[in-house]
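Its first residue numbered 1, the first sequence is counted upward by one per residue in the numbering used here. Where a beta carbon is used, it is the ideal one built from N, C-alpha and C, also for glycine. Note that the structure is predicted; figures quoted are calculated from it, not measured. Below: the structure, in structure tokens.
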Amino acid sequence: MENIKENEKLNVLNHSCAHLLAQAVKELYPKALFWVGPVIEEGFYYDIDLGDNVIKEEDLLTIENKMLELAKKDINIIKEEISKKEALNIFKEDSYKIDLINNLDENEIITCYRQGDFVDLCRGPHLKSTKELRHFKLLKTSGAYFKGDSKNKMLQRIYGICFFNSDDLEKHLNFLEEAKARDHKKLGKELELFMISEFGPGFPFFLPKGMILRNELENFWYKEHTKEGYQFIKTPIMLNKDLWEISGHWVNYRENMYTSAIDEKEFAIKPMNCPGGLLVYKNSLYSYKDLPIRMGELGQVHRHEASGALNGLFRVRTFTQDDAHIFLREDQIESEIVRLISFIDRMYKVFGLTYNIELSTRPLEKYIGEISIWDKSEKALADACKKAGKEYKINPGDGAFYGPKLDFHIKDSIGRVWQCGTIQLDMNLPERFDLTYIDKDGTKKRPIMLHRVIYGSIERFIGILIEHYKGAFPLWLSPVQVNIIPINNKYHLEYANKIKELLMDKEIRVELDDSEEKLGYKMRNSQTKKIPISIIIGDKERDNEEISYRLFGSEETVTLKFNEFIEYVNKKIVDKK
RNA sequence: GCCGGUUUAGUUUAAUGGUAAAAUAAGUCAUUCGUAACGAUUAGCUAUAAGUUCGAUUCUUAUAACCGGCACCA
């Protein structure tokens with residue numbers, strides 16, 4: 001309760017800060033026209049029409065200074081109530097305001113807030129004066145479409161954030177710094193995990209070290225899915241147009257599909273794996289006793305994403321979905337979802353990720369299928385969450401046209417939220433592909449289909465893990481697990497090599513630093529590369545047949561016998577720590 | 001795709017309308033060292049294309065890629 005109150009106070013502060021921003025911009029650019037300036041999750045923004053003027057990053061400082069100047073003047077923020085008619089008169093020169101006013105009810109009393117010469121149409125509430133607005137920062141500028149519609153012209157948006165005290169502001173700025181330091185594009189380059197070539201925008205290359213990470217994630221995935229009763233398939237990257245017409249992708253998503261003509265027949269590279277999975281289902285005849293069928297596929301898909309949308313591994317043009325299609329009877333929905341939720345739960349825990357579930361329900365207009373089936377399915381999803389003991393948030397009308405879904409939003413180590421897992425019910429494709437199974441009474445029935453992913457996209461999940469772990473991966477994922485550092489090549493290299501062989505024999509990923517450098521220098525390298533275990537080999541270790549090691553980020557050195565060390569390392573790998 | 005910015009050595013960065021510098025990595029030599037940077041030396045760069053200019057890495061335009069947003073994300 002206390003928190004909600006605090007949050008509301010902060011929202012009012014930020015909202016007033018948005019007005020202060022507008023006032024400052026108005027003073028600096030008298031011709032500026034203002035659209036809306038709402039409070040967002042973190043801070044606020046204001047959308048402004050500046051005519052021919054452009055606000056650049058470096059202008060933000062000037063605006064900030066103007067804001068501070070205005071804030072210090074302790075200008076009263078005065079609420080005024082007027083009728084729609086009066087409002088239209090006051091703002092008759094301002095087409096944006098007229099637009100806003102016309103969207104209000106005829107009889108509604110309109111509130112304005114006045115500070116000095118600046119008046120803005122606004123529901124409020126606001127601070128009493130500008131004097132509390134001291135601890136703010138303008139963060140970035142960008143273009144933003146008027147009313148969020150790409151057919152409209154672009155306004156200029158300025159983002160900012162405001163706090164009650166300098167500590168909170170500093171904390172927030174530090175958080176932004178921290179996020180920047182974790183950037184997977186930066187760390188991915190430094191740690192040689194992946195690259196993106198100019199010759200393939202949006203098509204990432206995995207480097208040897210990144211490939212290890214990827215293989216570990218995939219192996220883990222296969223193992224866990226096998227335990228859950230999944231079978232695995234691999235369906236073709238490219239299939240002919242007729243299939244995409246049956247699936248409906250050709251009509252709806254053609255624009256984003258890569259195509260090619262072969263022998264005068266049009267083909268498309270798959271943007272999703274489901275049609276392939278459906279063909280596999282249709283390849284056999286199933287009894288009601290066979291269901292549920294769980295078919296997993298690490299399927300590489302290609303989607304032509306807009307150039308401006310590309311972002312490291314987060315948004316790419318080819319990625320691998322850790323897909324699975326589950327075909328089941330209607331009476332199996334709930335139990336299967338319960339099972340899936342606990343499976344997903346188990347998977348995320350391994351990475352130390354917590355999560356929230358969101359349930360998206362039937363869209364109001366564009367949907368297919370019977371409402372009764374929708375209601376039943378939505379209830380099954382909700383009941384499954386309850387049975388699994390999980391809270392969930394409902395997003396009404398946010399489901400796909402073909403079925404409701406559960407989305408899993410994971411939270412990383414610095415509190416950022418990413419949507420990864422999803423479970424979607426599909427009432428469309430089984431129909432389009434005429435899927436059947438033979439029921440108890442010998443009649444053909446239509447199975448229900450579930451699409452689900454856990455990582456979402458392996459590429460994107462790797463990006464998230466890089467940022468989550470800040471590049472310091474747990475031992476099982478780490479591209480190099482052990483770095484051996486002989487103190488003196490002349491005297492210690494032989495024993496170091498022997499240790500290396502022994503570790504390789506135990507399938508431990510090991511490197512040996514035989515460069516002609518000082519121990520301090522080699523240790524520094526080992527730490528900057530974030531290698532989990534550094535082994536130091538000197539006279540002592542060689543003579544006693546021991547291993548001395550230091551963990552990443554630790555100052556402590558531990559000495560063990562070789563067998564004890566192997567036991568320790570293996571336990572860590574098994575525990576995925 | 002749209003708005004704004006950026007692009008200099010493998011990497012991180014500096015500088016200039018008169019022909020480019022440092023650190024680090026790489027090669028060579030020296031050094032043989034107990035937990036985050038030893039020293040010497042060699043080689044290596046102005047994204048692409050056009051324009052302005054006696055002369056362009058610098059100014060202008062276009063293209064591409066990238067970055068921050070917007071739109072999109074089946």
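Residue nearest to residue i in terms of C-alpha spacing, selected from the options
| i | options | result |
| --- | --- | --- |
| G124 | K131, L21 and R114 | R114 |
| P532 | L475, L313 and E42 | L475 |
| E501 | V482, N489 and Y392 | V482 |
| K97 | S142, D49 and N53 | D49 |
| N107 | I63, K85, D99 and F91 | K85 |
| K223 | D322, F473 and K153 | D322 |
| E517 | K498, N488, K31 and K530 | N488 |
| P201 | K540, A306, D543 and E58 | A306 |
| L138 | G188, A18 and S247 | A18 |
| F146 | V36, T559 and P236 | V36 |
| A309 | F203, Y230 and D375 | F203 |
| F164 | S142, K185 and R134 | R134 |
| K128 | L519, Y45, F175 and V12 | V12 |
| L313 | K171, K72 and I462 | I462 |
| E245 | E190, E266 and E228 | E266 |
| G369 | G399, V350, Y392 and L353 | G399 |
| A71 | E132, F473, H325 and R254 | E132 |
| E365 | S342, Y402, Y392 and S335 | Y402 |
| S287 | I341, K440, E378 and G116 | K440 |
| P404 | K9, S372 and N215 | S372 |
DSSP three-state assignment for residue i, whether helix, strand or coil
| i | result |
| --- | --- |
| R579 | The structure shown does not extend to residue 579, since the chain is modelled only from 1 through 577, so no value can be given for it. |
| P486 | strand |
| I78 | strand |
| S307 | helix |
| Y367 | coil |
| A400 | strand |
| N65 | helix |
| E42 | coil |
| N7 | helix |
| Y29 | coil |
| N53 | coil |
| T170 | The amino acid occupying residue 170 in the given sequence is Glu; Thr does not appear at that position. If DSSP states are grouped into helix, strand and coil, E170 belongs with the helices. |
| I212 | helix |
| I410 | strand |
| S16 | helix |
| R452 | strand |
| L475 | coil |
| W374 | helix |
| Q481 | coil |
| F91 | coil |
| R542 | helix |
Cβ distance (whole Å) where residue i is taken to contact residue j below 8 Å
| i | j | result |
| --- | --- | --- |
| D74 | T130 | 6 Å |
| I578 | Y348 | The chain is shown only over 1 to 577; residue 578 falls outside these bounds and no answer can be derived. |
| A87 | I110 | 5 Å |
| P275 | L298 | Actually they do not touch by this definition, with Cβ atoms about 16 Å apart. |
| I344 | I454 | 5 Å |
| I547 | F562 | 6 Å |
| A144 | D47 | 6 Å |
| N432 | S247 | The amino acid at residue 432 is misidentified as Asn; the sequence shows Arg. Yes, R432 and S247 are in contact; Cβ-Cβ is about 6 Å, under 8 Å. |
| N65 | Y29 | That pair is no contact at about 15 Å. |
| P271 | V301 | 5 Å |
| I63 | V25 | 6 Å |
| I484 | D513 | 7 Å |
| I423 | L406 | 5 Å |
Per-residue burial, residue i [other beta carbons within 10 Å of its own, 16 or more giving buried]
| i | result |
| --- | --- |
| V251 | exposed |
| L60 | buried |
| R182 | buried |
| P447 | buried |
| T557 | exposed |
| R157 | buried |
| Q231 | exposed |
| T226 | exposed |
| R460 | buried |
| V417 | exposed |
| N428 | buried |
Checklist line | Length-filtered (4 minimum) alpha helix (DSSP H) runs lying within the region 214-288 | finding: For secondary structure counted as the alpha helix (DSSP H) over 4 or more consecutive residues, the region 214-288 holds these complete runs in sequence order: 241-247, 249-253 and 274-282.
Check: What runs of the beta strand (DSSP E), each 3 residues or longer, lie entirely inside the region 498-528?
Finding: Runs of the beta strand (DSSP E) lying entirely within the region 498-528 and spanning at least 3 residues, in chain order: 510-512.
Notebook entry, point to check: What runs of the beta strand (DSSP E), each 3 residues or longer, lie entirely inside the region 103-149?
Noted result: Counting only runs that start and end inside the region 103-149, the beta strand (DSSP E) elements of at least 3 residues fall at 110-115, 118-121 and 135-145.
Next item on the list: Run through the region 313-346 for me and flag every whole alpha helix (DSSP H) of 4 or more residues, listed as ranges in chain order.
Entry: Runs found: none.
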